[in-house]
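Worksheet: the structure to be examined is printed underneath.
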Amino acid sequence: MMRAVPFATSLMLALAMLLASSPVGTAVAADDLPCEVPDGVVQAAFPMPHVAAAIAAKKLDVAVLGSASSALVGPTGMARGYPGRFEAALSAQRPGVAVRVVPYAKSRQSAAEMEARIGEVLAGAKPTLVVWQTGTVDAIRGIDPEEFGTALDRGVERLQAAGVDVVLMNMQFSPRTESMIALDGYLDRMRFVALQRSVNSFDRFAVMKGWHESGVFDLSAATNKIDMAASVHACIGRLLARLVIEGADLATAAAAEGAGKPPDGARPSDLARSGGQSGVRK
Amino acid sequence: MPLAAGERDLRLDLFRGLALWLIFLDHIPSNVVSWLTIRNFGFSDATEIFVFISGYTAAYVYGRTMRERGFVVAGARILRRAWQVYVAHIFLFCIYMAEIAYVSRSFENPLYAEEMGVFDFLRQPDVTLIQALLLKFKPANMDVLPLYITLLAAFPPFVWLLLRRPTLALVGTVGLYAAALELDINLPSYPSGHWAFNPFAWQLLFGFGAWCALGGAERIGPFVRSRTAVVLAVLYLLAAFLVVLTWYVPAWTPIVPTKIAEWMYPIDKTNLDGLRVAHFFALAVLTVRFVPADWPGLRSPWLRPAVICGQHSLEIFCLGVFLAFAAHFVMVEVSDGIPIQIVVSVMGIVLMIAAAALMAWYKAIEGRSRGSRSAPPRTDPAGSPP
Numbered sequence: 001m002m003r004a005v006p007f008a009t010s011l012m013l014a015l016a017m018l019l020a021s022s023p024v025g026t027a028v029a030a031d032d033l034p035c036e037v038p039d040g041v042v043q044a045a046f047p048m049p050h051v052a053a054a055i056a057a058k059k060l061d062v063a064v065l066g067s068a069s070s071a072l073v074g075p076t077g078m079a080r081g082y083p084g085r086f087e088a089a090l091s092a093q094r095p096g097v098a099v100r101v102v103p104y105a106k107s108r109q110s111a112a113e114m115e116a117r118i119g120e121v122l123a124g125a126k127p128t129l130v131v132w133q134t135g136t137v138d139a140i141r142g143i144d145p146e147e148f149g150t151a152l153d154r155g156v157e158r159l160q161a162a163g164v165d166v167v168l169m170n171m172q173f174s175p176r177t178e179s180m181i182a183l184d185g186y187l188d189r190m191r192f193v194a195l196q197r198s199v200n201s202f203d204r205f206a207v208m209k210g211w212h213e214s215g216v217f218d219l220s221a222a223t224n225k226i227d228m229a230a231s232v233h234a235c236i237g238r239l240l241a242r243l244v245i246e247g248a249d250l251a252t253a254a255a256a257e258g259a260g261k262p263p264d265g266a267r268p269s270d271l272a273r274s275g276g277q278s279g280v281r282k
Numbered sequence: 283m284p285l286a287a288g289e290r291d292l293r294l295d296l297f298r299g300l301a302l303w304l305i306f307l308d309h310i311p312s313n314v315v316s317w318l319t320i321r322n323f324g325f326s327d328a329t330e331i332f333v334f335i336s337g338y339t340a341a342y343v344y345g346r347t348m349r350e351r352g353f354v355v356a357g358a359r360i361l362r363r364a365w366q367v368y369v370a371h372i373f374l375f376c377i378y379m380a381e382i383a384y385v386s387r388s389f390e391n392p393l394y395a396e397e398m399g400v401f402d403f404l405r406q407p408d409v410t411l412i413q414a415l416l417l418k419f420k421p422a423n424m425d426v427l428p429l430y431i432t433l434l435a436a437f438p439p440f441v442w443l444l445l446r447r448p449t450l451a452l453v454g455t456v457g458l459y460a461a462a463l464e465l466d467i468n469l470p471s472y473p474s475g476h477w478a479f480n481p482f483a484w485q486l487l488f489g490f491g492a493w494c495a496l497g498g499a500e501r502i503g504p505f506v507r508s509r510t511a512v513v514l515a516v517l518y519l520l521a522a523f524l525v526v527l528t529w530y531v532p533a534w535t536p537i538v539p540t541k542i543a544e545w546m547y548p549i550d551k552t553n554l555d556g557l558r559v560a561h562f563f564a565l566a567v568l569t570v571r572f573v574p575a576d577w578p579g580l581r582s583p584w585l586r587p588a589v590i591c592g593q594h595s596l597e598i599f600c601l602g603v604f605l606a607f608a609a610h611f612v613m614v615e616v617s618d619g620i621p622i623q624i625v626v627s628v629m630g631i632v633l634m635i636a637a638a639a640l641m642a643w644y645k646a647i648e649g650r651s652r653g654s655r656s657a658p659p660r661t662d663p664a665g666s667p668p
């Protein structure tokens, strides 16, 4: 808490001013944030051919399926949550492409409950890409990690069958509740499913933990202001956009290399980590 | 284990004491010191050691009681012990509730609106408390004592069988483990899910420890001390270490072939994955080989702190759970930098040792004033009751 307080404060002031000058909160605001993460933390492991095709066709529809941590509360919450930032960042990086991100965030929903809504999401947003954020609710309720994994796996299979690229997003790192919510089993299962189904995952937990440890954000601060939350979401949106563009580029590169060679994007380290963390559950 | 009959095997106390320290360190989240604990060097962790030694000492102590005083007296003592552990668990639960209630009142951040859902159970304390008393509601890191309670509660008939047909008892233990894995047998939890430590799976180590204590150790002794066993153990530990390294050094991942990785992962702790059991056995083989029961170091003042912690395992375990809460609390409230992580870790272990020393002192003065009046736990070769 003592760590980097002046820095963080000045950062937030700067951000607040930026946001005031550009109420839309585009990627311009996020550019001044130190969102960086160590190499390999946010990295596309698998190509995303559907996204690549949609970008080529200049129209990309995305759905964000998630729980409460995929949105910010309050009047400006909608625009400042990561789905909105993600849309802005994608548009900025691929000018000329009509990007639309539709959030399907509903609080207190477990992975199984979200899985049941996939039909609704597919029919409603007609997405090319679904970002599926889940895990926290399951961990709080103590749902069996295995059951969680099964629901996740079923959902991903269904999305892939519908011709949709998927990004799985795991839990937030939350220092205050770290000793109260046992996340390990769920983190493991999600990594495992991502690998088994060859879908990319956005390791929000590792990203936020890295920010907390390096002092970029003081995540144990108690506050009722939304500023830090908004900055965190802005960074998440930006990194998520980077991941998706990378995935699309992998697909484009693979296509350019010719159809003969299957794209080899899998990082074996993911598999190791998916099992590895099981070994270290407390 | 070449010990004269009735002589105390200090190795049990030593390694249980060390396991208690490791469990404490592992329970502090985001703690740099926990990198030293064995779970980062292989598949198993301190829980396996704790459960095995607890089974061993329980059988040692109550097995003798059952032989001398019969099933009813020994059974009654075991159940009284289970009751003590139950009370200790509920006591810890109260402390946990106080901490969580404090955090729920004092912490606010729009970023974590979702995580605040973990405090929902405070809204219906009637249900929560009843579910906790039924051992169905178990907060994070409070899973070990309920496991221990169920293992003790089911222990009397197992000891009875062990004294008569040890091989049959062992086969029963392994059979129950296999059945639990095959048929997905586990106890239910509240509000959903199942026990994080499946007692039907974890009883394997407890039962195996008990079997070793009541004659099994002599039967497998020649193999455990053989060169073959040591070589196998070293190879397995090395292989496990290499696998674990790849979890932290991604560049080395190719060491583990994909086929093996797919077969191996996930390594399940809830159901005590076979790879974890094997890892524990390998550690045990090396321990038996390189730390003989009559090793003078066991009586050295340097190891004394760990030994006395192991001799008061229930109290020190509970204290460790509480201290882990407290340590995390300090880290969140004051600072969670690396210096503080080291300070709270060291402080915690010092407090555990101090508490154990205090209890040893109490035991000593009680023993002296009581004279030769029956004070069975003090003279138990295997240390205090588990």
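Chains as they are written, first to last, in this note's numbering: chain V, 1 to 282; chain Y, 283 to 668.
Positions of the beta carbon are idealized from the N, C-alpha and C atoms, including for glycine.
- In this structure, the straight-line span from the alpha carbon of E36/V to that of D203/V is close to 14 Å.
- Taking CB atoms only, G337/Y has no neighbour in chain V less than 8 Å away.
- Contact with chain V is found for Y394/Y, since one of that chain's Cβ atoms lies less than 8 Å from the residue's Cβ.
- Within the model, the alpha-carbon separation for L469/Y versus C494/Y is close to 27 Å.
- Contact of Q43/V with chain Y by beta-carbon distance below 8 Å is absent, the smallest such distance being about 10 Å.
- Comparing alpha-carbon positions, the option among W584/Y, A460/Y, A461/Y and P439/Y lying closest to A451/Y turns out to be P439/Y.
- With the criterion set as a beta carbon lying under 7 Å from some beta carbon of chain Y, the members of the region 107 to 118 of chain V are S107 and R108, in sequence order.
- Judged by DSSP secondary structure, W484/Y falls within the alpha helix (DSSP H) whose first and last residues are P481 to W493.
- Contact between A422/Y and S220/V is ruled out by a C-beta separation of about 17 Å, above the 8 Å threshold.
- Listed along chain Y is no residue with a C-beta nearer than 8 Å to that of F205/V; the closest approach is about 12 Å.
- Contact with chain V is found for A422/Y, since one of that chain's Cβ atoms lies less than 8 Å from the residue's Cβ.
- About 19 Å separates the Cβ atoms of G457/Y and A341/Y, ruling out a contact at the 8 Å cut-off.
- The beta carbon of P175/V sits closer than 8 Å to some beta carbon of chain Y.
- No Cβ-Cβ contact shorter than 8 Å links L486/Y with M424/Y.
- Rounded to whole angstroms, the gap between the alpha carbons of A564/Y and D249/V is 47 Å.
- Excluding five sequence positions before and after F86/V, the CB atoms of its chain that fall closer than 7 Å to its own CB belong to V101, G237, L240 and A241, given in chain order.
- For L168/V, the enclosing beta strand (DSSP E) begins and ends at D165 to M169.
- Between L33/V and A229/V, the C-beta spacing is not below 8 Å.
- L168/V is a Cβ neighbour of A194/V, given a cutoff of 8 Å.
- The DSSP assignment places 353 to 388 and 407 to 415 as complete runs of the alpha helix (DSSP H) inside the region 351 to 419 of chain Y, in order along the chain (cut-off: 4 residues).
- Here E120/V is exposed. Its C-beta has fewer than 16 other C-beta atoms within 10 Å.
- Collapsing the DSSP output to three states places G215/V in coil.
- Its Cα nearest to that of A383/Y, the residue M398/Y stands out among M398/Y, N391/Y, V369/Y and H371/Y.
- T136/V is positioned such that its CB atom lies no closer than 8 Å to that of N391/Y.
- Across the set V567/Y, A478/Y and G503/Y, the C-alpha of A478/Y shows the shortest separation from the C-alpha of D550/Y.
- Rounded to the nearest whole angstrom, the CA to CA distance from T177/V to G324/Y is 28 Å.
- When Cβ-Cβ separations below 8 Å define contact, S67/V makes contact with chain Y.
- The three-state secondary structure of K645/Y, taken from DSSP, is helix.
- Put simply, the region 43 to 60 of chain V touches the region 91 to 100 of chain V. At least three CB pairs are less than 8 Å apart.
- In terms of CA proximity to L187/V, T134/V leads the group A161/V, R117/V, A79/V and T134/V.
- Apart from sequence neighbours up to five positions away, the residues of its chain that approach W211/V with a beta-carbon distance below 6 Å are F217, ordered along the chain.
- When only Cα atoms are considered, A380/Y and V400/Y end up about 14 Å apart.
- In this structure, E615/Y is the residue among L416/Y, A636/Y and E615/Y with its C-alpha nearest to the C-alpha of V385/Y.
- Taking a contact as a CB-CB distance under 8 Å, the pair V367/Y and Y430/Y counts as one, their CB atoms being some 5 Å apart.
- R293/Y is not a Cβ neighbour of V526/Y, given a cutoff of 8 Å.
- Closer than 8 Å to the CB of V385/Y there is at least one CB belonging to chain V.
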